[in-house]
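Asks: Heads up: take any position in the sequence shown, counting from 1, add 68, and you land on this note's numbering.
Where is the CB? At the ideal position from N, CA and C, for every residue including glycine.
This structure is a prediction, so every number in the text was calculated from the model and none was measured.
Pasting a structure below so you can have a look.
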Amino acid sequence: MNYCQKGTIFILITGVFLSLSCKQKLDRDELTFTSLMEEVKQEFAPDKRVALFDIEYVSKGNETIIKGESNLPEAVNSFKEKLAQHKIDYIDSIQLLPSSSSNGFTQGLITISVANLRGKPAHSSELVTQATLGTPVKIFKEEDGWYLIQTPDKYLSWVDRGGIIPLSTDKYTQWKSTQKVIYTNTIGHSFTEPNKGSQVVSDMVAGGVLEQIGQEKEYYFVAFPDGRKAYVLKTEAMDYDTWLAALDPDQESLVSTSKTLMGVPYLWGGTSTKGVDCSGFTKTIYFLNGIVLPRDASQQIHTGREIDAVKDFDKLEPGDLLFFGKPATDTTKERVIHVGMWIGNNEFIHSAGRVHISSVDKDAPNFDEYNLNRYLRSNRYLKETKDGLIELAKTPVFKD
69 MNYCQKGTIF ILITGVFLSL SCKQKLDRDE LTFTSLMEEV KQEFAPDKRV
119 ALFDIEYVSK GNETIIKGES NLPEAVNSFK EKLAQHKIDY IDSIQLLPSS
169 SSNGFTQGLI TISVANLRGK PAHSSELVTQ ATLGTPVKIF KEEDGWYLIQ
219 TPDKYLSWVD RGGIIPLSTD KYTQWKSTQK VIYTNTIGHS FTEPNKGSQV
269 VSDMVAGGVL EQIGQEKEYY FVAFPDGRKA YVLKTEAMDY DTWLAALDPD
319 QESLVSTSKT LMGVPYLWGG TSTKGVDCSG FTKTIYFLNG IVLPRDASQQ
369 IHTGREIDAV KDFDKLEPGD LLFFGKPATD TTKERVIHVG MWIGNNEFIH
419 SAGRVHISSV DKDAPNFDEY NLNRYLRSNR YLKETKDGLI ELAKTPVFKD
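As structure tokens, this is what we get:
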């Protein structure tokens, strides 16, 4: 073997060694990346329903690309600091939301009585929640006529362009400063003229919020977020400031509100008087009393104060929420599947099939053995610290 042949073999071996070395480093970096990403997720975005941190690691040759998107600048900064500490070099392709393509239109208002909000930008996607007329939302990005939004309870979802109007910060601030009307009837209509015989402008559901332009006889003259004008009966609505000032949620008001929804059909993802799922029902009860609960039962259970976990129902008071599901085991986590509200007399009201009242009393005709057997615990929210909740009287969600 001559000198040139030996040199060629040496170069080939060196090249293979360097290639293997680079691959091993990339593999180590990817493992470190995955570990660091999980750390950041646990700290800043443990619940993907309310926080977006969707980042991935891509190798191209000897290059590492970190791409994805997040609405949490502090999480992204923390992640980059951790990568730097581990001396991981990368090309930064992370997009912080709101998207720059929104051109400053990062606020929005729901423009229809009830907007269906979905898990993905398609009508065929799962209905995850709803938002009623006038609900202010954050807009993060637009995709094929759908907007990724965040509702006041921080829930992330997609709404099609027919249910929302994007606003600049200035226009949104201007809207919040206007006088408002809140619709309080379970369901109804608004009209083109101050009489019920005129053309319907839109259906209405409890909790809808509109700009108040004026009053005429027994009607409020109102404006929808998209500019439509209409009249709503004063007997079916209230001046928002008056309603807010009168809020004093108690056991009686919660029970009274819950019973106005008797018979409303169960709807997976529903949070309005058109249809409710179990947590959408409890959320609607509390919202109409000025308190915004988290969206899902598995989130609601982590707010309020635990009252009972051993079926000692004598401890419960009307307004307490009862949670049902599967308890944790040595190998599985607790699963919260259902929620209802205690109304007294050994009864709770809940949405299952329809909104109805069940009993924990074995001798009652409406005894609910199925839910009693999967009972987990009950929490109280009235006169408790409101961590994780929004009190409309203290937080300017609809009006400054």
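#1: Compute the Euclidean distance between the alpha carbons of residue 136 and residue 285, then round it to the nearest angstrom.
#2: What is the DSSP secondary structure of residue 130, counted as helix, strand or coil?
#3: What residue range is occupied by the uninterrupted beta strand (DSSP E) comprising residue 283?
#4: To the nearest angstrom, how far is it from the Cα of residue 232 to the Cα of residue 383?
#5: Is residue 447 helix, strand or coil by DSSP?
#6: Which value, in whole angstroms, describes the spacing of the CA atoms of residue 365 and residue 346?
#7: Which residues in the same chain as residue 449 place their Cβ atom closer than 6 Å to its Cβ, once the five residues preceding and following it in sequence are excluded?
#8: Is it buried or exposed, residue 141, if we count other Cβ atoms within 10 angstroms and call 16 or more buried?
#9: With a Cβ-Cβ cutoff of 8 Å, do residue 162 and residue 180 count as a contact?
#10: Answer with buried or exposed for residue 330, where buried requires no fewer than 16 other C-beta atoms within 10 angstroms of its C-beta.
#11: Among 196, 202, 400 and 144, which one has its Cα closest to the Cα of residue 273?
#12: Identify the residues that DSSP records as bridge partners of residue 204: which are they?
#13: Per the contact definition of three or more C-beta pairs closer than 8 Å, is the segment 232-249 in contact with the segment 204-224?
#14: Hey, out of 411, 394, 358 and 380, whose CA is closest to residue 439's CA?
#15: Considering Cα atoms alone, identify which of 303, 257, 176 and 416 is closest to residue 241.
#16: In the DSSP assignment, find the unbroken beta strand (DSSP E) run with residue 183 in it and report its ends.
#17: Give the secondary structure of residue 292 by DSSP, where H, G and I count as helix, E and B as strand, and everything else as coil.
#18: So, is residue 250 buried or exposed, given that buried needs 16 or more other C-beta atoms within 10 angstroms?
#19: Count the C-beta pairs between the segment 415-424 and the segment 317-336 that are closer than 8 Å, then say yes if the count reaches three, no if not.
#20: Quick check on the burial criterion: 16 or more other C-beta atoms within 10 angstroms. Buried or exposed for residue 370?
#21: Can you tell me where the alpha helix (DSSP H) with residue 529 in it begins and where it stops?
#22: If you follow the beta strand (DSSP E) that residue 514 is in, where does it begin and where does it stop?
#23: Would you list the residues sitting across from residue 105 in a DSSP beta bridge?
#24: Assuming residue 223 contacts residue 200 under a Cβ cut-off of 8 Å, what Cβ separation, rounded to an integer in Å, is found between them?
#25: Between 210, 375 and 228, which has its C-alpha nearest residue 470's C-alpha?
#26: Within a Cβ cutoff of 8 Å, which residues of the same chain sit near residue 322, ignoring the five residues on either side of it in sequence?
#27: Roughly how many angstroms lie between the CA atoms of residue 457 and residue 445, to the nearest whole one?
#28: Determine the extent of the alpha helix (DSSP H) in which residue 311 is found, giving its start and end residues.
Replies: Taking the definition as stated:
#1: Taking the first residue of the sequence shown as 1, we reach residue 136 at position 68. Taking the first residue of the sequence shown as 1, we reach residue 285 at position 217. Their Cα atoms are separated by approximately 55 Å.
#2: Residue numbering aside, residue 130 sits at position 62 when the sequence shown is read from its first letter. It is coil, neither helix nor strand.
#3: One-based indexing of the sequence shown puts residue 283 at position 215. First-last of the beta strand (DSSP E) with residue 283: 277-284.
#4: Locating residue 232 in the sequence shown gives position 164, counting from the first residue. Locating residue 383 in the sequence shown gives position 315, counting from the first residue. One C-alpha to the other measures close to 44 Å.
#5: Numbered from 1 along the sequence shown, position 379 holds the residue referred to as residue 447. In this structure, residue 447 counts as strand in the three-state DSSP scheme.
#6: Numbered from 1 along the sequence shown, position 297 holds the residue referred to as residue 365. Numbered from 1 along the sequence shown, position 278 holds the residue referred to as residue 346. Computed Cα separation, rounded: 8 Å.
#7: Taking the first residue of the sequence shown as position 1, residue 449 is located at position 381. The residues are 372.
#8: Taking the first residue of the sequence shown as position 1, residue 141 is located at position 73. Residue 141 comes out exposed.
#9: As a working note, residue 162 is residue 94 in the sequence shown. As a working note, residue 180 is residue 112 in the sequence shown. No; because the gap between Cβ atoms is not below 8 Å, this pair is not in contact.
#10: One-based indexing of the sequence shown puts residue 330 at position 262. Result: exposed.
#11: Counting from 1 along the sequence shown, the entry for residue 273 is found at position 205. Answer by Cα proximity: 202.
#12: Within the sequence shown, residue 204 is the residue found at index 136, counting from 1. Answer is 177.
#13: yes
#14: Residue 439 sits at position 371 when you count from the first residue of the sequence shown. If we check each option's Cα against that of residue 439, 394 comes out closest.
#15: Counting from one through the sequence shown, the residue named residue 241 turns up at place 173. Cα-wise, what sits closest to residue 241 is 176.
#16: Residue 183 sits at position 115 when you count from the first residue of the sequence shown. First-last of the beta strand (DSSP E) with residue 183: 182-186.
#17: Against the sequence shown, residue 292 aligns to sequence position 224. Coil, per DSSP.
#18: Numbered from its first residue, the sequence shown carries residue 250 at position 182. Residue 250 should be labelled buried.
#19: yes
#20: Translated into the one-based positions of the sequence shown, residue 370 becomes position 302. Result: exposed.
#21: Since the first and last residues shown for the chain are 69 and 468, residue 529 lies out of range.
#22: For the chain, the structure presents residues 69 to 468; residue 514 sits outside this window and is missing.
#23: Within the sequence shown, residue 105 is the residue found at index 37, counting from 1. Its beta-bridge partners do not exist; DSSP assigns none.
#24: Translated into positions along the sequence shown, residue 223 becomes position 155. Translated into positions along the sequence shown, residue 200 becomes position 132. So it is not a contact: roughly 13 Å between Cβ atoms.
#25: The chain is shown from 69 up to 468; residue 470 falls before or after that span and cannot be answered.
#26: The sequence position of residue 322 within the sequence shown is 254, counting from 1. So the list reads 353, 354, 357, 386, 387, 409 and 450, once near-sequence residues are dropped.
#27: As a working mapping, residue 457 is identified with position 389 in the sequence shown. As a working mapping, residue 445 is identified with position 377 in the sequence shown. Whole-angstrom Cα-Cα distance: 19 Å.
#28: Locating residue 311 in the sequence shown gives position 243, counting from the first residue. Counting along the chain, the alpha helix (DSSP H) containing residue 311 begins and ends at 308-314.
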